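Report on one structure; see the data block that follows.
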Amino acid sequence: MITDDEVLGDAVRNNADWCQTMCRAHGLTGTFGPRAWTSSVRTPLYYPEAVTLTEDAAAKDVLDGIDRTIPWTSVKDSYARLDLEPEGFRLLFEAQWIARPAGLPAPAATGDWRPVRSPEELDAWALAWSDGDAGDAMLFRPELLADPATTILAGHGDDGRLLGGAVLTTSPRVTGVSNLFATPGTDPSLAWAGVLASAPADRPVVGYESGDDLPPALAAGFGTIGPLRVWTTG
Numbered sequence: 041m042i043t044d045d046e047v048l049g050d051a052v053r054n055n056a057d058w059c060q061t062m063c064r065a066h067g068l069t070g071t072f073g074p075r076a077w078t079s080s081v082r083t084p085l086y087y088p089e090a091v092t093l094t095e096d097a098a099a100k101d102v103l104d105g106i107d108r109t110i111p112w113t114s115v116k117d118s119y120a121r122l123d124l125e126p127e128g129f130r131l132l133f134e135a136q137w138i139a140r141p142a143g144l145p146a147p148a149a150t151g152d153w154r155p156v157r158s159p160e161e162l163d164a165w166a167l168a169w170s171d172g173d174a175g176d177a178m179l180f181r182p183e184l185l186a187d188p189a190t191t192i193l194a195g196h197g198d199d200g201r202l203l204g205g206a207v208l209t210t211s212p213r214v215t216g217v218s219n220l221f222a223t224p225g226t227d228p229s230l231a232w233a234g235v236l237a238s239a240p241a242d243r244p245v246v247g248y249e250s251g252d253d254l255p256p257a258l259a260a261g262f263g264t265i266g267p268l269r270v271w272t273t274g
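Residues in the sequence shown are numbered from 41 upward in steps of one, following my numbering.
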């Protein structure tokens with residue numbers, strides 16, 4: 041059994057891998073260093089230009105690899121250890137890493153939860169994820185469907201209505217969950233149940249949440265394993 045510290049480290053790396061995957065889908069490539077992942081150019085919408093990978097990462101590890109002249113440059117401080125205010129950043133938000141142990145029974149899922157397979161299905165999924173914002177929906181490009189470590193999951197009701205969805209990122213020891221959403225009229229707990237019924241049971245499921253999005257994850261069997269911060273120049 042892996043320890044909580046190891047699960048946290050795996051969650052951090054899994055999330056950085058997902059950032060790299062999203063960048064590749066947009067024709068970009070970040071760089072993995074010993075203590076941080078960085079992108080020297082603007083990353084896709086909502087994605088950071090740097091992610092710390094270790095507890096001992098320092099400001100220099102992230103700042104040397106990014107272009108701070110780009111408006112709204114952001115850094116994911118994965119262990120909530122950095123103080124970037126002296127470098128011209130402000131705190132955008134704080135969140136909690138979460139993990140659900142391997143082997144826990146999944147909550148009963150409602151609807152048919154299955155991977156998105158076609159660009160047309162992805163377009164519908166992304167538009168629902170963005171709450172109808174066509175510009176934001178363009179974040180999810182068809183290239184993501186060809187990535188072997190990425191599963192874009194959609195839940196459908198008996199009437200075919202989209203209930204919600206999430207992105208699953210597979211790592212050797214954990215499965216990461218990101219971009220989870222429930223469509224209007226759907227309880228978020230149903231989205232978590234659908235995700236957990238679809239994720240491999242032999243490894244922890246990890247991610248991060250904040251604010252009103254955290255309690256439904258905790259109710260689904262997740263526990264908090266550490267804080268994170270996101271800093272921005274905007």
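Backbone N, C-alpha and C define an ideal beta-carbon position, used for all residues, glycine too. Keep in mind the model is a prediction, meaning the values are calculated, not measured.
- At the C-beta level, Thr-215 and Val-245 come within 8 Å of one another.
- Only buried fits Leu-179, as 16 or more other CB atoms lie within 10 angstroms of its CB.
- Taking Ser-79 as reference, the option from Leu-220, Val-115, Trp-271 and Leu-144 with the minimal CA-CA separation is Val-115.
- In this structure Pro-74 is exposed. Its beta-carbon is surrounded by fewer than 16 other beta-carbon atoms within 10 angstroms.
- By DSSP's assignment, Thr-78 forms a beta bridge with Thr-71 and Ala-90.
- Within the same chain, Cβ atoms closer than 7 Å to the Cβ of Thr-226 are found at Leu-203 and Gly-204, the five residues on either side in sequence being excluded.
- By alpha-carbon distance to Leu-68, the top candidate from Glu-183, Gly-151, Pro-126 and Ala-168 is Glu-183.
- When secondary structure is reduced to three states using DSSP, Leu-208 falls in the strand class.
- DSSP places Arg-269 in the uninterrupted beta strand (DSSP E) bounded by 263 to 272.
- Contact check for Thr-61 against Ala-189 passes: the beta carbons are separated by less than 8 Å.
- The alpha-carbon of Gly-151 is positioned some 17 Å away from that of Trp-169.
- In this structure, the CA atom of Asn-54 is about 12 Å from the CA atom of Glu-46.
- Contact between Ala-76 and Asp-107 fails: their C-beta atoms lie close to 15 Å from each other, not under 8 Å.
- The shortest CA-to-CA distance from Gly-263 to any of Gly-197, Trp-137, Val-217 and Trp-153 is the one to Trp-137.
- Between the alpha carbons of Val-81 and Pro-155 lies a gap of roughly 31 Å.
- In the three-state scheme derived from DSSP, where H, G and I count as helix and E and B as strand, Ala-222 is classed as strand.
- Of the candidates Glu-134, Ala-135 and Arg-181, Arg-181 places its Cα closest to the Cα of Ala-65.
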